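A short write-up of the structure that comes next.
Protein chains: 2
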Amino acid sequence: MSEIKNDLLLKALKGDEVSRPPVWMMRQAGRYLPDFMKLKARHSFFERVETPELATEITVMPVHQVGVDAAILFSDILVIPQALGVEVQMVPGKGPYLPTPIRTMEQVQAIPDVDVKDRLHYVYEAIDLTKASLANEVPLIGFAGSPWTILCYMVEGQGSKTFDKAKAFCYEQPEAAHLLLTKITHATIAYLKEKAAHGCNVLQLFDSWGGLLSPLDYETFSLHYIREMVDALHKTTPVIVFGKGCWFALEEMAKMPVSALGVDWTITPQMAREFTGFNVTLQGNFDPARLLSPIPDIQRLVKQMVDDFGKYKYIANLGHGILPNIPVDHAKAFVEAVKSYG
Amino acid sequence: MSEIKNDLLLKALKGDEVSRPPVWMMRQAGRYLPDFMKLKARHSFFERVETPELATEITVMPVHQVGVDAAILFSDILVIPQALGVEVQMVPGKGPYLPTPIRTMEQVQAIPDVDVKDRLHYVYEAIDLTKASLANEVPLIGFAGSPWTILCYMVEGQGSKTFDKAKAFCYEQPEAAHLLLTKITHATIAYLKEKAAHGCNVLQLFDSWGGLLSPLDYETFSLHYIREMVDALHKTTPVIVFGKGCWFALEEMAKMPVSALGVDWTITPQMAREFTGFNVTLQGNFDPARLLSPIPDIQRLVKQMVDDFGKYKYIANLGHGILPNIPVDHAKAFVEAVKSYG
């Protein structure tokens, strides 16, 4: 692999000293960027995800327009259910809709062993194109959903505040749930290995719905499978695990061979450091809605955040995805405030 | 006040020894009970809330049918915006809708000083009737939303996963937000004092959306006002504060003169005890979706929960409201498992 020119993120993931913390933003590729909205007006969600040229353009956009220290491949966590043969629709203004949700052991057993390499070829093509476009300026992050979070959508069939159907499935039919989680885990490991082979420098797992589970159920239905994935991936590629609302599992998560853990904004940097034993690189945790604050407030709060996490073993980021209604100059102010730290 | 025959809840709130922990369930009055569904089919939401005879019937129902150790008055947290002159509609299947949300300082300033005693007379009439119907069998809990949670609905205008408009209002117009929070706080204090005067033995504050804020913003926009309410109420009536997702504030909450703190299911009993200094009565925290488990699982998990919280200074409850799709015999199994503890 050629040398990455801006290696702040890679250094922070190794725990090396840095001149300043690296900064990127979850969901930075899309949503709030006017040039993205123009593409969105012309191309459907799946056109954007499945056309390597479009995915590349969207991935590279925030690097040039907002100045982040890493690119994250534009894609969606629900390509995995699609690869497993479960139909996923994206309803504008409503989010994902899976017309045939998984509710029985028979349905789980019927999910075929698939060649993820073949099924998701457009993702790897997008990585190849993006790597060429980035020309080693910044590292490229590839991502996937955690098995639990993917199960949530496959069983619930759509977004939800509470994913009660997904939880009921796990509590009423634990054997079926574990078989489904195993199938998702294996497909996702193969998928992420291929992403790394095509040049993703870092892999991030999003456990967006882990925070809906009790600590005991989290261990059983989510962390167990995240651990399997991290074990399979970390030797070749640095892995970041972000569990939204999963503060209660940080101590256990810190025992995995991860390169960093993401945290959301409902935990103080001090508590996050304490729970993770002061020894793991942490990523986060600016409240995305706080980017609506006046720019001087953003600058003040970013400085406080970096002060509290510390300059080393730290990746500045939001505590969840950037919101669609954030003014671009506020997003830039966030990035600039990190860059001018110290 | 006459003696309450089943005084387990009152004892637990005082920290006295008990033969077993008291048990009740948030949202126990309604939803999953077939007799409630019959009433619901005949009477609209506001008919049920505003007709004292109906509110009484619904309030007493779970005491007789499920055997809980306390009644909680059937009502809604949004009676406060209504009393303040803000229209609230309840859209079946969708939840609350406020057609004229608060978005400007002018709107906040225009909210009149109202006589909550006069405006919410139907609530006090329902308390009088309920007290007569309960005949001192069990204590009666009255409740209200926290000022922050009420602001969420008044500004957002409807339910939301993230209440971004409400948060943006606080971050962009903090002076208007604080004036609104002050107005809500004063109205709610007057409302709860009147509820206690009519015979509510316990008051519970629900901060349903506190968990959307960072610890710093939680102190500024929520806990500050909860503290004002607790200070105004605790001398005459025991107060329980439940902040969903507010684990990060438990240490600060425990410094208030509350009689108990509620916790949701994403915290272990051990951590909740640790954060609150092992000295406050705690209430919770069974995952409502876990009531969908087979009954033997419910029995096992309830025993574990009571073991972990301990028999004293503990009120068995769910970690949030009971779900509409819980079979009644599962709700009964939960209550019975606590009753047969030890």
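Keeping their order, the protein sequence lines are chains A and B. The working numbering applies: residue 22 is where the first sequence begins, and numbers increase by one. The working numbering applies: residue 22 is where the second sequence begins, and numbers increase by one. Positions of the beta carbon are idealized from the N, C-alpha and C atoms, including for glycine. These numbers were taken from a predicted model, which means no experiment stands behind them.
As an exercise, report each continuous beta strand (DSSP E) stretch of at least 3 residues that is fully enclosed by the region 82 to 161 of chain A, in chain order.
110 to 112, 116 to 118
Determine the contact status of glycine 266 of chain A and aspartate 285 of chain A, defining contact as a CB-CB distance below 8 Å.
yes
Quick one, which residues of the region 212 to 236 of chain A are near chain B if we go by CB-CB under 7 Å, in chain order?
Gly232, Ser235, Pro236
For tyrosine 174 of chain B, the first and last residue of its enclosing alpha helix (DSSP H)
168 to 177
If the cut is a Cβ gap below 9 Å, which residues of chain D does glutamate 193 of chain A touch?
Absent from the structure: chain D. Protein chains present are A and B.
Could you tell me which residues DSSP puts in a beta bridge with glycine 163 of chain B?
B:Leu224
Return yes when the C-beta of valine 262 of chain B is under 7 Å from any heavy atom of the ligand HEM, and no when it is not.
Summarising the ligand content, the structure contains no ligands, and the ligand HEM is consequently not present.
By how many angstroms is the C-alpha of alanine 165 of chain A removed from the C-alpha of histidine 245 of chain A?
16 Å
Residues that alanine 281 of chain A bridges to, as DSSP identifies them:
A:Ile261, A:Thr302
Can you pull the chain A residues whose beta carbon is under 8 Å from the beta carbon of phenylalanine 269 of chain B, in chain order?
Trp268, Thr287, Ile288, Thr289, Met292
Residues near valine 135 of chain B by beta carbon distance below 8 Å, same chain, minus five either side
Ala104, Leu105, Gly106, Ala208
Can you give me the Cβ contacts of alanine 211 of chain A inside the same chain, cut-off strictly under 6 Å, excluding the 5 residues immediately before and after it?
Val137
Same chain only: Cβ atoms within 8 Å of threonine 343 of chain B, ignoring 5 sequence neighbours per side
The sequence as given places isoleucine at residue 343 of chain B; threonine does not occur at that position. So the list reads Met46, Met47, Arg48, Gln49, Arg52, Tyr53, Pro309, Leu312, Ala352, once near-sequence residues are dropped.
Does chain B have any CB closer than 8 Å to the CB of leucine 344 of chain A?
yes
So with Cβ pairs under 8 Å, would you call alanine 131 of chain B a contact of chain A?
no
If contact means a Cβ-Cβ distance below 7 Å, which residues of the region 347 to 359 of chain B contact chain A?
none
Local Cβ density within 10 Å of proline 42 of chain B, reported as buried at 16 or more and exposed below that
buried
Tell me which residue opens and which closes the beta strand (DSSP E) that leucine 339 of chain A is part of.
335 to 339
Between the CA atoms of threonine 151 of chain A and arginine 294 of chain A - distance to the nearest angstrom
34 Å
Shorter than 8 Å from the beta carbon of alanine 310 of chain A to some beta carbon of chain B?
yes
Would you say leucine 224 of chain B and leucine 254 of chain B are within 8 Å of each other, going by their C-beta atoms?
yes
How big is the Cα-Cα spacing for glutamate 273 of chain A and leucine 282 of chain A?
11 Å
Would you report the Cα separation of valine 251 of chain B and valine 260 of chain B, rounded to the nearest angstrom?
7 Å
Determine, using beta carbons only, whether alanine 275 of chain B comes closer than 8 Å to chain A.
no
CB contact flag (serine 243 of chain B, serine 154 of chain B, <8 Å)
no
Residue closest to isoleucine 93 of chain B, alpha-carbon to alpha-carbon, out of B:Leu226, B:Leu119, B:Asp56:
B:Leu226
Taking Cβ to Cβ, would you say glycine 36 of chain B is nearer than 8 Å to threonine 203 of chain B?
no
Tell me whether phenylalanine 184 of chain B sits in a helix, a strand or coil according to DSSP, three-state version.
coil
Valine 44 of chain B, DSSP secondary structure in three states:
strand
At a CB distance below 8 Å, what residues from the region 162 to 190 of chain B approach chain A? Give them in sequence order.
Lys182, Thr183, Asp185, Lys188, Ala189
Return the CA-CA distance between glutamate 196 of chain B and proline 236 of chain B, expressed in angstroms with no decimal places.
20 Å
Rounded C-alpha distance that separates arginine 140 of chain A from arginine 69 of chain B
54 Å
Taking the alpha helix (DSSP H) that lysine 276 of chain A belongs to, which residues open and close that run?
Taken as a continuous stretch (DSSP letters only), lysine 276 of chain A belongs to no alpha helix (DSSP H), as it is neither H nor E.
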